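In the order they appear, the protein sequences are chains A and B.
The number in this note's numbering is simply the position in the first sequence, starting from 1, with 2 added.
The number in this note's numbering is simply the position in the second sequence, starting from 1, with 2 added.
Number of protein chains: 2
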Amino acid sequence: MSNTFAETYSEKQVAKGEILQHSGDTQIQAFFVKSGLLRSYYLDNKGKEHTFMFAPENWFIMDFSPLTNIPCAQLTIDALENSEIYVIPKSLVINIHKLPEEELKNQIQRFINRIGTLQTRVVMLMSATAEERYVDFLKTYPNIAQRVPQKMIAAYLGITPESLSRARKKISRP
Amino acid sequence: MSNTFAETYSEKQVAKGEILQHSGDTQIQAFFVKSGLLRSYYLDNKGKEHTFMFAPENWFIMDFSPLTNIPCAQLTIDALENSEIYVIPKSLVINIHKLPEEELKNQIQRFINRIGTLQTRVVMLMSATAEERYVDFLKTYPNIAQRVPQKMIAAYLGITPESLSRARKKISRP
DNA sequence: ATCCGTTATTGACATAGATCAATTCTAGAC
DNA sequence: GTCTAGAATTGATCTATGTCAATAACGGAT
Chain A
3 MSNTFAETYS EKQVAKGEIL QHSGDTQIQA FFVKSGLLRS YYLDNKGKEH
53 TFMFAPENWF IMDFSPLTNI PCAQLTIDAL ENSEIYVIPK SLVINIHKLP
103 EEELKNQIQR FINRIGTLQT RVVMLMSATA EERYVDFLKT YPNIAQRVPQ
153 KMIAAYLGIT PESLSRARKK ISRP
Chain B
3 MSNTFAETYS EKQVAKGEIL QHSGDTQIQA FFVKSGLLRS YYLDNKGKEH
53 TFMFAPENWF IMDFSPLTNI PCAQLTIDAL ENSEIYVIPK SLVINIHKLP
103 EEELKNQIQR FINRIGTLQT RVVMLMSATA EERYVDFLKT YPNIAQRVPQ
153 KMIAAYLGIT PESLSRARKK ISRP
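Pasting the structure below:
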């Protein structure tokens, strides 16, 4: 990150299990993961957790909905490992046109990448079976699969832990 | 749109059924719908169409994947109605930092809105039943439901036309 | 208005994945 | 090391949604 950018964020250590943002919060921030692993998830009205994304080293994570016409955060963000993070104020995300040109370009590219990732995710959720989605997940996030509990991967794929267990079994000895 | 912005796009009339971008294209553009209705969809390896999005008046539509590390377009974009559109070159999407400040802010907000919309879509696909997703669709896009064939709505919701037909029946007389 | 091809509906049946319940496994606390 | 709570696996069902097939309803072209 550029120096100018660095002036505006704050550094923070978070312990495994710590919650950085609650669903319903109106104050929101973005988080950049220097080391460790964060996660965002959606808690549905039946009390079920749905993993929205994992953020390992060098990833940004934030809930964009409060920047649109939705008033408060839909997602909860927590730490799956002890992590070193940068906390980036919302104003810096909204007013990125005030960033130095280099950082502005980076931020725009990050937006585009996020849109691309979500596009692929939507397409996968609509067209692929649970097993195919799991294989795709392994390919896309090879280093994450070992670091998070399987039930959270299942919650990312939109299936139950039981179904994921069966899919894994089927893949290991087909 | 600002005048400066206007210098760079071209206007175009497209007839219903016309294809503006094929999956596999390496040359990509963004389209702004002045009047009419465009659609983007993903064709899976079983030959099934999955509606990615609808773009009625005043919407932008484009396939972002070729702006990430994916080399060519994953989506096909076509016209569901005779439409008047602006064709926006890729360079203008990538180099938005060269836009006048006002238009830059608008474009950033559009990116954020798109991310927010996709976030909600992913959450819905993972946590809601087919019927719930349909009800949500009607609420979110009330004016589109009447204008597009139901099979395309089904393809947007990730269900079959048959299932949508049954869901509709159930809603009309529960 | 009439045709014809596409779209929507309906029914019967199949299946992926969910749910519930019972073990087994594992990692952290002591 | 041993305990213990949560995580993962496995088995037996259940259910939402898909598939296949047949009919009905549109809607554009002539």
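We treat Cβ as the ideally placed atom computed from N, Cα and C, and that holds for glycine.
Note that the structure is predicted; figures quoted are calculated from it, not measured.
Backbone CA spacing between residue i and residue j [nearest angstrom]
| i | j | result |
| --- | --- | --- |
| isoleucine 173 (chain B) | glutamate 83 (chain B) | 28 Å |
| proline 144 (chain A) | alanine 157 (chain B) | 30 Å |
| tyrosine 136 (chain A) | histidine 24 (chain A) | 28 Å |
| glutamate 164 (chain B) | proline 58 (chain B) | 25 Å |
| serine 93 (chain B) | aspartate 138 (chain B) | 35 Å |
| valine 89 (chain A) | lysine 153 (chain A) | 28 Å |
| methionine 3 (chain A) | glutamate 105 (chain A) | For methionine 3 (chain A), the pLDDT reaches just 47, beneath the cut-off of 50, and the residue's location in the model is therefore unreliable, leaving the point undetermined. |
| isoleucine 79 (chain B) | arginine 41 (chain A) | 33 Å |
| asparagine 5 (chain A) | lysine 100 (chain A) | Summary for asparagine 5 (chain A): the model assigns pLDDT 46, below 50, so the residue's position carries little reliability; its value from the coordinates is reported in the next sentence. About 14 Å. |
| isoleucine 114 (chain B) | lysine 48 (chain A) | 28 Å |
| lysine 50 (chain A) | isoleucine 161 (chain A) | 11 Å |
| proline 102 (chain A) | asparagine 97 (chain B) | 14 Å |
| glutamine 15 (chain B) | valine 150 (chain B) | 19 Å |
| aspartate 65 (chain B) | methionine 126 (chain A) | 15 Å |
| alanine 169 (chain A) | alanine 132 (chain A) | 8 Å |
| leucine 140 (chain A) | glutamine 76 (chain B) | 21 Å |
| lysine 171 (chain B) | threonine 10 (chain B) | 48 Å |
| isoleucine 74 (chain B) | arginine 112 (chain A) | The amino acid occupying residue 74 (chain B) in the given sequence is cysteine; isoleucine does not appear at that position. Taking the straight line joining both Cα atoms gives about 19 Å. |
| glutamate 134 (chain A) | isoleucine 155 (chain B) | 24 Å |
| alanine 147 (chain B) | isoleucine 21 (chain A) | 39 Å |
| alanine 159 (chain B) | tyrosine 43 (chain B) | Here residue 159 (chain B) turns out to be leucine, not alanine, going by the sequence shown. Between leucine 159 (chain B) and tyrosine 43 (chain B), the C-alpha separation is close to 12 Å. |
| lysine 107 (chain B) | threonine 122 (chain A) | 26 Å |
| threonine 142 (chain B) | alanine 17 (chain A) | 39 Å |
| proline 91 (chain B) | proline 91 (chain A) | 32 Å |
Contact belief for residue i with residue j at Cβ below 8 Å, rounded distance in angstroms
| i | j | result |
| --- | --- | --- |
| phenylalanine 117 (chain B) | leucine 120 (chain A) | It should be noted that the sequence gives isoleucine, not phenylalanine, for residue 117 (chain B). With 8 Å as the limit, isoleucine 117 (chain B) and leucine 120 (chain A) qualify as a contact, their Cβ atoms being about 7 Å apart. |
| phenylalanine 62 (chain A) | valine 124 (chain B) | Their Cβ separation, rounded to whole angstroms, is 17 Å, which puts phenylalanine 62 (chain A) and valine 124 (chain B) out of contact at 8 Å. |
| serine 129 (chain B) | histidine 52 (chain A) | 5 Å |
| alanine 81 (chain B) | glycine 19 (chain B) | 7 Å |
| glutamate 86 (chain A) | serine 12 (chain A) | 12 Å between Cβ atoms; not a contact. |
| phenylalanine 56 (chain B) | leucine 39 (chain B) | 7 Å |
| asparagine 60 (chain B) | valine 35 (chain B) | 7 Å |
Where the alpha helix (DSSP H) containing residue i begins and where it ends
| i | result |
| --- | --- |
| phenylalanine 213 (chain B) | Limits of chain B in this structure are 3 at one end and 176 at the other, which puts residue 213 (chain B) out of reach. |
| valine 125 (chain B) | 103 to 129 |
Residue interval of the beta strand (DSSP E) (run including residue i)
| i | result |
| --- | --- |
| alanine 169 (chain A) | No beta strand (DSSP E) contains alanine 169 (chain A), which is instead part of the alpha helix (DSSP H) from 163 to 174. |
| alanine 81 (chain A) | 77 to 81 |
| isoleucine 90 (chain A) | 85 to 91 |
| leucine 159 (chain B) | Where leucine 159 (chain B) is concerned, there is no enclosing beta strand (DSSP E), although the alpha helix (DSSP H) it sits in stretches over 152 to 159. |
| valine 21 (chain B) | Position check: residue 21 (chain B) holds isoleucine in this sequence, whereas valine was assumed. First-last of the beta strand (DSSP E) with isoleucine 21 (chain B): 21 to 23. |
| phenylalanine 33 (chain A) | 31 to 37 |
| glutamine 148 (chain B) | No beta strand (DSSP E) holds glutamine 148 (chain B); DSSP gives it neither H nor E. |
| methionine 55 (chain B) | 51 to 57 |
| tyrosine 44 (chain A) | 40 to 45 |
| lysine 48 (chain B) | Where lysine 48 (chain B) is concerned, there is no enclosing beta strand (DSSP E), given that its DSSP letter is neither H nor E. |
| tyrosine 14 (chain B) | Reading off the sequence, residue 14 (chain B) comes out as lysine, not tyrosine. First-last of the beta strand (DSSP E) with lysine 14 (chain B): 12 to 16. |
Cβ-heavy atom distance, residue i to the ligand MG, below 8 Å
| i | result |
| --- | --- |
| phenylalanine 113 (chain B) | This structure lacks the ligand MG; in fact it carries no ligand of any kind. |
Problem - Sufficient close CB pairs (3 or more, under 8 Å) joining the segment 67 to 85 of chain B to the segment 23 to 33 of chain B - result: yes
Practice task
Check distances from the C-beta atoms of the segment 113 to 126 of chain A to those of chain B and list, in chain order, the residues that come in under 8 Å.
Solution key: Phe113, Ile114, Asn115, Arg116, Ile117, Gly118, Thr119, Leu120, Gln121, Thr122, Arg123, Val124 and Val125
Exercise for the section: Using a Cβ-Cβ cut-off of less than 9 Å, give me the residues of the segment 67 to 91 of chain A that come near chain B, in sequence order. Expected result: Ser67, Pro68, Leu69, Thr70, Asn71, Ile72, Gln76 and Leu77
Handout entry: Where the segment 126 to 157 of chain A meets chain B: residues whose CB sits under 7 Å from a CB there
Key = Leu127, Met128 and Ser129
Exercise for the section: Please name the residues in the segment 34 to 48 of chain B whose beta-carbon is closer than 7 Å to at least one beta-carbon of chain A, in chain order. Expected result: Tyr44 and Asp46
Problem - Short-range partners of chain A found in the segment 98 to 113 of chain B, where Cβ spacing is below 7 Å - result: Here the close residues are Ile98, His99, Glu103, Leu106, Lys107, Ile110 and Phe113.
Practice task
Can you give me, in chain order, the residues of the segment 15 to 34 of chain A that have a beta carbon less than 7 Å from any beta carbon in chain B?
Solution key: For the segment 15 to 34 of chain A, the set of positions with a beta-carbon nearer than 7 Å to some beta-carbon of chain B is empty.
Problem - Residues from the segment 53 to 64 of chain B in contact with chain A, defined by Cβ distance under 8 Å - result: Phe54
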